[in-house]
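2 protein chains.
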Amino acid sequence: MTAYHIFTPEQAMRFADEHSELFGEHSKLSAAEFGDGNLNLVFRVVNDKGTSLIVKQALPYARCVGESWPLSTDRARIEAEVLQLHARFCPEHTVEVLHFDRELSAILMEDLKQYDILRTALIKGKHFSHLAAQLAQYLAQTLFYTSDFVLTGPAKKAAVAQFINPDLCLITEDLFFTDPYCNHERNNIHSLIQPRARELWQDEELKAEVAALKADFLSKPQALLHGDVHSGSIFINEENCKVIDAEFGFYGPIGFDVGSLMGNLLINYVASAGLFSDPQQVLKQQQYLLSQIQALWQQFAETFSHLQQTATQDPALQNERYQARFLQQVFADAIGYAGCELIRRTVGLAHVADLEKISDAKTRASCETHAIELGRRLILARQNLTSIEQLLALVQTLKR
Amino acid sequence: MTAYHIFTPEQAMRFADEHSELFGEHSKLSAAEFGDGNLNLVFRVVNDKGTSLIVKQALPYARCVGESWPLSTDRARIEAEVLQLHARFCPEHTVEVLHFDRELSAILMEDLKQYDILRTALIKGKHFSHLAAQLAQYLAQTLFYTSDFVLTGPAKKAAVAQFINPDLCLITEDLFFTDPYCNHERNNIHSLIQPRARELWQDEELKAEVAALKADFLSKPQALLHGDVHSGSIFINEENCKVIDAEFGFYGPIGFDVGSLMGNLLINYVASAGLFSDPQQVLKQQQYLLSQIQALWQQFAETFSHLQQTATQDPALQNERYQARFLQQVFADAIGYAGCELIRRTVGLAHVADLEKISDAKTRASCETHAIELGRRLILARQNLTSIEQLLALVQTLKR
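Protein sequences appear in the order of chains C and S.
Numbering (the UniProt record's numbering) for the first sequence: 1 to 400.
Numbering (the UniProt record's numbering) for the second sequence: 1 to 400.
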């Protein structure tokens with residue numbers, strides 16, 4: 001056991017070499033840090049044959065969200081353990097963890113250098129037909145197998161305790177559910193949409209629904225979530241996609257993971273009107289995204305439902321009517337969380353490149369207003385939408 | 001720190017003397033064990049002036065529920081800590097814990113010898129007008145102040161972890177929600193109602209609702225519950241009542257505590273037709289119970305709602321529409337859990353004296369059938385009952 005110290009590239013290199021056979025003997029290794037440095041150090045370690053691995057180390061301090069927000073390095077343990085558990089149920093689409101050192105808060109993992117970040121690819125207008133199907137598998141497998149359908153009461157309780165993640169959950173509790181709906185100093189609102197943002201703060205009907213979604217985030221430990229499935233946490237190439245960055249993992253409502261992803265696809269949907277100058281390309285991009293959202297839900301629901309029917313261990317939860325209603329509620333929850341994601345990425349602290357890349361301020365404001373309107377409608381309508389087609393119809397009626 | 005050993009009366013006496021000033025110097029103490037001996041030892045320690053205290057010690061083995069079911073002595077810690085926390089929010093109606101020794105799994109607490117057990121009192125037809133009002137206070141105060149309305153995300157998560165109670169929760173998970181709805185060997189079904197019990201096992205509509213109630217019991221940590229608020233856990237006299245036996249405490253759905261109490265009052269309601277030979281007394285007893293159920297909900301809702309409006313700390317949960325809907329859902333949950341209590345006390349393992357005291361087998365079977373029918377109706381109707389008056393009307397239309 002080594003006491004915690006912040007890695008130099010040299011030390012990261014030695015850590016990678018020590019805990020993997022991949023580089024072989026007498027490899028000439030090199031290492032460079034390429035993370036953003038706010039929260040974590042991220043090193044790529046490469047040998048002379050081009051074989052590479054990633055070393056991710058959690059920093060003991062964090063200039064994470066605009067002010068000093070305490071963040072325990074325990075998040076590295078959470079990240080490693082979530083990825084390891086998710087890899088047990090869906091190795092194809094979870095980044096592989098080769099080693100984790102608790103003292104050093106350091107994870108050695110596979111390098112996804114053959115992949116692009118999904119957000120970057122979407123902003124460039126790149127389309128992958130396997131996106132929805134593969135992520136539907138990832139979500140259905142990881143969420144089902146960590147749920148009450150499978151785990152005994154005692155095993156589930158031990159897992160909930162293992163993944164209690166107060167610091168990172170607090171970020172979501174505040175940034176996702178609280179700040180955007182009040183005049184909070186952390187908010188980051190472009191001047192042109194200030195008036196629309198202010199309306200949110202008085203929207204008691206909307207705030208009642210967001211409160212219910214927050215209460216579920218706080219008190220509905222249905223499954224071990226990734227906790228941050230946005231399009232920057234997904235790596236993709238022509239054949240495959242893989243999910244990374246699970247430090248927000250905790251036991252929460254299944255709809256949160258599903259809805260975070262849906263919400264990110266919808267953000268690109270509203271942003272595409274500003275990202276592409278050719279109306280045909282906008283149309284093509286939006287059609288692609290809607291088809292992926294449709295496939296994502298259909299295939300998630302199909303797999304999850306099949307698992308409910310064939311792999312449920314708890315006798316009381318084997319009732320098929322209950323299972324169908326459970327899935328219907330996951331759908332409603334997902335739509336609600338997708339709506340929250342649309343709103344918080346527009347008026348909250350943490351913005352996304354899909355919208356920020358729109359250089360014309362008026363166009364961006366129009367897209368952001370679209371995001372707020374769509375988010376609001378999703379949150380309010382979620383309990384009444386009973387099929388993915390109804391959801392898509394709602395999205396399309398709000399065209400701008 | 002003393003290693004665990006099973007107390008003799010002499011040792012219980014010394015433990016009580018050591019950890020309380022109450023007996024004074026040179027007291028002549030005596031002690032006797034009077035628990036049922038299955039799960040815990042319960043000693044009354046008395047001095048020569050009649051001052052007395054209770055020593056309750058958890059046994060490391062348990063012939064608890066008909067077979068060897070592992071039960072950690074950690075339940076004594078849970079019991080002590082739940083009672084101490086509940087006493088902080090409602091000292092009037094929580095038994096006072098004077099000392100807890102973790103190693104010995106022993107609790108020193110006040111003696112409620114001036115009180116009767118509520119179940120025994122009800123069976124005798126004794127009525128207390130303060131019952132509902134006081135227990136409504138107990139439930140509203142303890143449940144509100146341990147909920148997301150008050151606690152920050154991190155504080156709530158620490159509390160959830162502190163009160164993870166796998167062994168005792170598993171008993172409820174199985175006996176309350178699973179066994180009664182299948183042909184389980186643990187069930188205890190009087191022969192005359194065997195045919196009615198078998199119908200439960202095929203009742204897919206009912207089982208779907210019970211599955212949802214079980215899923216909430218597993219995954220809806222709204223507040224620190226007592227976890228076992230039946231009429232044997234309540235002591236009452238002409239002025240006051242106090243709740244004891246919190247070893248089933250955990251973070252769960254608020255409706256579970258409220259509904260357990262409602263369910264126990266309703267069990268006495270259906271049993272009263274068999275307990276009393278005079279129809280006028282039956283009527284009086286039932287009217288008393290209905291008035292208490294009405295007052296219980298009204299006063300619980302009034303206090304809880306007042307606390308929501310005046311003491312909620314989380315800004316997102318301060319929305320009044322959300323608060324009203326939250327309380328409405330607690331009502332629906334409570335009715336569902338009351339229904340489960342009626343059914344499991346009739347066909348499950350653990351019966352109650354209200355029904356068991358009915359000596360005529362046919363009369364008892366009629367009351368038990370009534371309990372099953374009422375339980376079923378409550379579970380199925382719970383989401384559509386929007387006022388306590390509607391609940392009482394439903395109970396009265398099922399008269400036998």
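Virtual Cβ for every residue (Gly too), placed ideally from N, Cα, C.
Since the structure is predicted, the reported quantities are computational estimates derived from the model, not experimental observations.
Report the neighbours of residue i on chain C: residues whose CB is nearer than 7 Å to its CB, in chain order.
{"i": "Asn319 of chain S", "result": "Glu204, Lys207, Ala208, Ala211"}
{"i": "Leu170 of chain S", "result": "Gly153, Pro154"}
{"i": "Gln102 of chain S", "result": "The amino acid occupying residue 102 of chain S in the given sequence is Arg; Gln does not appear at that position. The premise fails here: Arg102 of chain S is roughly 19 Å from chain C at the closest Cβ pair, so nothing lies under 7 Å."}
{"i": "Ala161 of chain S", "result": "Ala161, Ile164"}
{"i": "Glu173 of chain S", "result": "Gly153"}
In chain order, what residues of the same chain have a beta carbon less than 7 Å from the beta carbon of residue i, not counting five sequence neighbours either side?
{"i": "Lys220 of chain S", "result": "Gly252, Pro253"}
{"i": "Lys357 of chain S", "result": "Ile123, Leu275"}
{"i": "Val258 of chain C", "result": "Leu139, Phe300, Val330, Ala334"}
{"i": "Ser105 of chain C", "result": "Tyr4, Gln57, Ala58, Thr73, Ala76"}
{"i": "Ile117 of chain C", "result": "Gly232, Phe235"}
{"i": "Val95 of chain C", "result": "Leu83, Met109, Glu110, Leu112, Lys242, Val243, Ile244"}
{"i": "Leu327 of chain C", "result": "Ala301, Phe304, Ser305"}
Give the residues of chain S in contact with residue i, contact being defined as C-beta atoms less than 8 Å apart.
{"i": "Cys182 of chain C", "result": "Pro315"}
{"i": "Pro166 of chain C", "result": "Gly153, Pro154, Lys157, Ala158"}
For residue i, I'd like the list of residues in its chain whose CB is within less than 8 Å of its CB, leaving aside the five on either flank, ordered along the chain.
{"i": "Leu342 of chain S", "result": "Gly263, Leu266, Ile267, Val270, Ala371, Ile372, Leu374, Gly375, Leu378"}
{"i": "Ala159 of chain C", "result": "Thr146, Leu151, Leu224, Tyr251"}
{"i": "Phe34 of chain S", "result": "Val42, Phe43, Arg44"}
{"i": "Gln292 of chain S", "result": "Leu131, Ala132, Leu265"}
Looking only at its chain, what residues have a beta carbon closer than 6 Å to the beta carbon of residue i, apart from the 5 residues adjacent to it on each side?
{"i": "Lys214 of chain S", "result": "Phe177"}
{"i": "Ala136 of chain C", "result": "Leu296, Gln299, Phe300"}
{"i": "Thr303 of chain S", "result": "Ala140"}
{"i": "Leu200 of chain C", "result": "Tyr181"}
{"i": "Thr346 of chain C", "result": "Glu368, Ala371, Ile372"}
{"i": "Phe128 of chain S", "result": "Ile236"}
{"i": "Val46 of chain S", "result": "Ser30, Ser52"}
{"i": "Ala87 of chain C", "result": "Thr94"}
{"i": "Asp216 of chain S", "result": "Pro253"}
{"i": "Gln313 of chain C", "result": "Val150"}
{"i": "Val229 of chain C", "result": "Asp257, Ser260, Leu261"}
Relative to the alpha-carbon of residue i, which residue among the options has its alpha-carbon at the smallest distance?
{"i": "residue 448 of chain C", "options": "C:Gln309, C:Gln280, C:Ile189", "result": "Not covered by the structure: residue 448 of chain C. The range shown for chain C is 1 to 400."}
{"i": "Asp245 of chain C", "options": "C:Val160, C:Ile107, C:Leu275, C:Gly50", "result": "C:Ile107"}
{"i": "His226 of chain C", "options": "C:Phe163, C:Glu185, C:Pro279, C:Glu209", "result": "C:Phe163"}
{"i": "Thr51 of chain S", "options": "S:Gly24, S:Ala32, S:Tyr61", "result": "S:Gly24"}
{"i": "Thr120 of chain C", "options": "C:Ala353, C:Gln396, C:Gln280", "result": "C:Ala353"}
{"i": "Thr172 of chain C", "options": "C:Gly249, C:Ile234, C:Asp148", "result": "C:Gly249"}
{"i": "Phe149 of chain S", "options": "S:His5, S:Gln318, S:Asp360, S:Leu380", "result": "S:Gln318"}
{"i": "Lys56 of chain S", "options": "S:Ala31, S:Ala334, S:Ala365, S:Arg364", "result": "S:Ala31"}
{"i": "Leu224 of chain S", "options": "S:Leu143, S:Ser20, S:Glu21", "result": "S:Leu143"}
{"i": "Ile78 of chain C", "options": "C:Gln383, C:Phe100, C:Asp203, C:Cys90", "result": "C:Phe100"}
{"i": "Leu170 of chain C", "options": "S:Asp174, S:Ala155, S:Pro166, S:Asp179", "result": "S:Ala155"}
{"i": "Leu59 of chain S", "options": "S:Arg75, S:Arg44, S:Val46", "result": "S:Arg75"}
{"i": "Ala197 of chain C", "options": "C:Pro70, C:Ala208, C:Asn183", "result": "C:Asn183"}
{"i": "Leu131 of chain S", "options": "S:Leu327, S:Glu238, S:Ala12, S:Ser366", "result": "S:Glu238"}
{"i": "Ala80 of chain C", "options": "C:Cys90, C:Val97, C:Pro70, C:Pro91", "result": "C:Val97"}
Just the chain C side, please: which residues come within less than 8 Å of residue i by C-beta, in chain order?
{"i": "Lys49 of chain S", "result": "The contacting residues do not exist; Lys49 of chain S stays about 46 Å from chain C at best."}
{"i": "Arg325 of chain S", "result": "Ala208, Ala212"}
{"i": "Phe177 of chain S", "result": "Ala316"}
For residue i, return the contacting residues in chain S, with the cut-off set at a CB-CB distance below 7 Å.
{"i": "Tyr322 of chain C", "result": "Ala208, Ala211, Ala212"}
Chain S contacts made by the region 207-227 of chain C, where a contact means CB separation under 7 Å
Those would be Lys207, Ala208, Val210, Ala211, Ala212, Lys214, Ala215, Leu218, Ser219, Lys220, Pro221, Gln222, in chain order.
For a minimum of 4 consecutive residues, which ranges assigned as the alpha helix (DSSP H) are wholly contained in the region 198-253 of chain C?
Those alpha helix (DSSP H) runs which fall completely within the region 198-253 of chain C and span 4+ residues are 204-219.
Positions along the region 130-154 of chain S whose CB lies within less than 8 Å of some CB in chain C
Residues passing the 8 Å Cβ filter: Asp148, Thr152, Gly153, Pro154.
Quick check for students: name the residue ranges of the alpha helix (DSSP H) that lie wholly in the region 15-103 of chain C, counting only runs of 4 or more.
Those alpha helix (DSSP H) runs which fall completely within the region 15-103 of chain C and span 4+ residues are 74-89.
Just by C-beta distance, which residues in the region 283-316 of chain C are closer than 9 Å to chain S?
Against chain S - using a Cβ distance shorter than 9 Å - the residues of the region 283-316 of chain C are Asp314, Pro315, Ala316.
Runs of 4 residues minimum, wholly inside the region 359-397 of chain C: which ones carry the alpha helix (DSSP H) assignment?
Runs found: 361-381, 388-397.
At 4 residues or longer, and completely inside the region 117-165 of chain C: list those alpha helix (DSSP H) runs for me, N to C.
With a minimum length of 4 residues, the continuous alpha helix (DSSP H) runs that stay inside the region 117-165 of chain C are 118-123, 131-145, 153-162.
Entirely within the region 264-314 of chain S and at least 4 residues each: give me those alpha helix (DSSP H) ranges in chain order.
The region 264-314 of chain S contains these whole alpha helix (DSSP H) runs: 279-311.
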